[in-house]
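This report concerns only the one structure given below.
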Amino acid sequence: MPKVLIAGGGLAGLSAAAALGGAGFDVDLFESRAFLGGRATSYNAPATGEEIAETIDNCQHVLMRCCVNLLDFYTRLGVRDRIKFYKEFYFLEPGGRVSVLSRGKLPAPLHFTGSFLKMHFLSRAEKVGIAKAIMAIKRERNRRKDLDKISMLDWLLQKRQSPHAIDRFWRQILVSAINEDLDRMAARHGFQVFSLGFLARADAYEMGVPNVPLGQLYGEESWKRLQSVRMHFRSAVERIDEKGFVVGGERRNADYLICALPFERLESVGLSAPKFDHSPITGVHLWFDREVTTLPHATLLDRTMQWMFNKEGGRYLQLVVSASRDLTDLSRNEIIEIAIGDLRLYFPRVKDAKLLKAHVVKEQRATFSAAPETESLRPTPRSSLPNVVLAGDWTRTGWPATMEGAVRSGYLAAEEIAQAAGKPQRFLIPDVG
Ligand SMILES: Cc1cc2nc3c(=O)[nH]c(=O)nc-3n(C[C@H](O)[C@H](O)[C@H](O)COP(=O)(O)OP(=O)(O)OC[C@H]3O[C@@H](n4cnc5c(N)ncnc54)[C@H](O)[C@@H]3O)c2cc1C
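If you use this note's numbering, the sequence shown closes out at 440, no skipped numbers anywhere.
Structure follows, in structure tokens:
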């Protein structure tokens, strides 16, 4: 079978390896770090004093049921059952009042009607306005030609959404889904989240959370079923050309090559790269001496911290702030102070709890910024070099920078190679709806 080399062991490289390995291609994947998963991974948080070292995710990663390619990739690795799906979204106001968004008996796109009407944190007029705007998304998605040129905020203002509805509903859902603020996000991405996640199918919105550390999803055991795929760790690719890679000063040739590196690394291996801005994400891990909440997760309204995930009996919480530019210059302690101050407002039990330990993970290069006019700059899998195919969440996948986007890029790269090798195959699963 043709020989393929892959640079990068993030989801893009791994999904290409799984698809091509499953089709019998002979695959060698080179990852510069000692573990797989790239930006969606776990690491050992070191022990300090009396603390015990433990494996934590760099940041909570979630998916939705509409992430059909990511779920297919987990199935290929035999880990699909490690994803727990939740049917409820909890919106929490300072003071602790909870509103629950979940589907009722009506078919899509009306499946949220009952729970949406009961949401406490929006006025009746705001709900009517939001419902009208969501129907406009359905109408305008395939008609409007300027959705990559205007920001989502521009579009929401065109639709006369109130500042309160924008802050409490649109911003709350979209900033974490796209990792960009509404005034910097191309409207097409906001449209996509609502079209696929909320309108296409009644179960598409369900939120999946891995019940093991992310790194375990791509552990050694998972790859045993793909005998023709070999992983090489601590093996940084230094050069890519049409014949092969240079790794550790040694040349390795192959029939086909996949570059699945982050875009900012392309120039270092001799490939040209688009110039995107980055958007940061900050994760805050907090361990308390007692249970502070029984909710499995919640989106937190009106404050700095945006999401809470209950990782361990309400004692270990992970908080996430997307597009977290405002936190960039703050110290670890300042961020922890903000997090605890916020949590006290939502979960009164935090006031009496003792904080046992905390980690702050600032990912300054979390994703590319999904800004207006960016889409046309995202390259297709074909690079300027014959036999070299591009993958990564930044390539033109039709999705923003997400795990699903990365897997789509891996599958598209694998299709490109299968085609070039005269063994055409479809790996990509079409979007729901
Ligand atoms: C904090 C944070 C939270 C996120 N939350 C979510 C979420 O909830 N849901 C979601 O869907 N997405 C989320 N994302 C986005 C998601 O993680 C990424 O879109 C996805 O993992 C990108 O995968 P990738 O394979 O394209 O790139 P990467 O994961 O960056 O993979 C590239 C790999 O290449 C390796 N590499 C670099 N240079 C070399 C070299 N020279 N040689 C060999 N290897 C090299 C890197 O070590 C890395 O493993 C989040 C991202 C971050 C950072």
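C-beta: ideal position from N, C-alpha, C; glycine also. On a predicted model such as this, the values are computed, not experimentally measured, just so you know.
- Taking all protein chains in view, the Cβ of P388 is crowded by 16 or more other Cβ atoms within 10 Å, so the residue is classified as buried.
- The stretch 87-140 is shown to contain whole alpha helix (DSSP H) runs of 4 or more residues at 120-124, in chain order.
- Within the chosen limit of 6 Å, ligand 1 reaches the beta carbon of I288 through at least one heavy atom.
- Note that the stretch 347-354 touches the stretch 301-312; at least 3 beta-carbon pairs, one per stretch, sit closer than 8 Å.
- Ranked by Cα distance from V34, the options P53, P9 and F80 are led by P9.
- For C66, the distance from the CB to the nearest heavy atom of ligand 1 is below 6 Å.
- Cβ atoms of F201 and L154 stay farther apart than 8 Å, at about 12 Å.
- Linking A25 to M71 through their CA atoms gives a straight-line distance of about 21 Å.
- Residues of the same chain with a CB within less than 6 Å of the CB of V69, apart from the 5 flanking positions on each side, are M214 and V216 in chain order.
- Per DSSP, the unbroken beta strand (DSSP E) holding E319 starts and ends at W314 to E319.
- Remark: the C-beta of P217 is outside contact range of ligand 1, defined as less than 6 Å to any heavy atom.
- Not one heavy atom of ligand 1 lies closer than 6 Å to the C-beta of T381.
- In the three-state DSSP reduction, M192 falls in the coil class, being neither helix nor strand.
- Counting every other CB atom within 10 Å of its CB across the protein chains shown gives T381 a total of 16 or more, marking it as buried.
- Take the alpha-carbon of H292 and the one of E249: they are about 44 Å apart.
- Counting along the chain, D161 sits inside the alpha helix (DSSP H) bounded by residues M159 to Q165.
- Under the three-state reduction of DSSP output, Q426 falls in the helix class.
- One alpha carbon belongs to P386, the other to I347, and they sit about 42 Å apart.
- Across the set R339, A305 and L334, the C-alpha of A305 shows the shortest separation from the C-alpha of P101.
- R104 places its beta carbon 7 Å or farther from that of H118.
- Runs of beta strand (DSSP E) with 3 or more residues, each lying fully within the stretch 322-401, are found at 323-329, 362-375 and 395-397, listed in chain order.
- Contact holds between the stretch 399-408 and the stretch 366-383, because three or more Cβ pairs, one in each stretch, are under 8 Å apart.
- Look at the stretch 28-87 and you find these whole runs of alpha helix (DSSP H), each 4 residues long or longer: 75-84.
- The closest heavy atom of ligand 1 lies less than 6 Å from the beta carbon of V244.
- Secondary structure note for I180: it is in no beta strand (DSSP E), and the uninterrupted alpha helix (DSSP H) holding it is R178 to I185.
- When C-beta atoms of the stretch 72-85 are compared with those of the stretch 266-283, fewer than three pairs fall below 8 Å, so the two segments do not count as touching.
- Of the other Cβ atoms in all chains shown, fewer than 16 fall within 10 Å of the Cβ of E257; this residue is therefore exposed.
- Our two residues, G429 and L12, have alpha carbons roughly 18 Å apart in a direct line.
- Between the alpha carbons of G321 and Q67 lies a distance of about 15 Å.
- When secondary structure is reduced to three states using DSSP, L12 falls in the strand class.
- Judged by their CB atoms, Y418 and S22 are nearer to each other than the 7 Å cut-off.
- Around the C-beta of V135, fewer than 16 other C-beta atoms lie within 10 Å, and the residue is accordingly described as exposed.
- Contact between A47 and A267 fails: their C-beta atoms lie close to 13 Å from each other, not under 8 Å.
- Pairwise C-beta distances place the stretch 333-340 out of contact with the stretch 357-364, as fewer than three of them are shorter than 8 Å.
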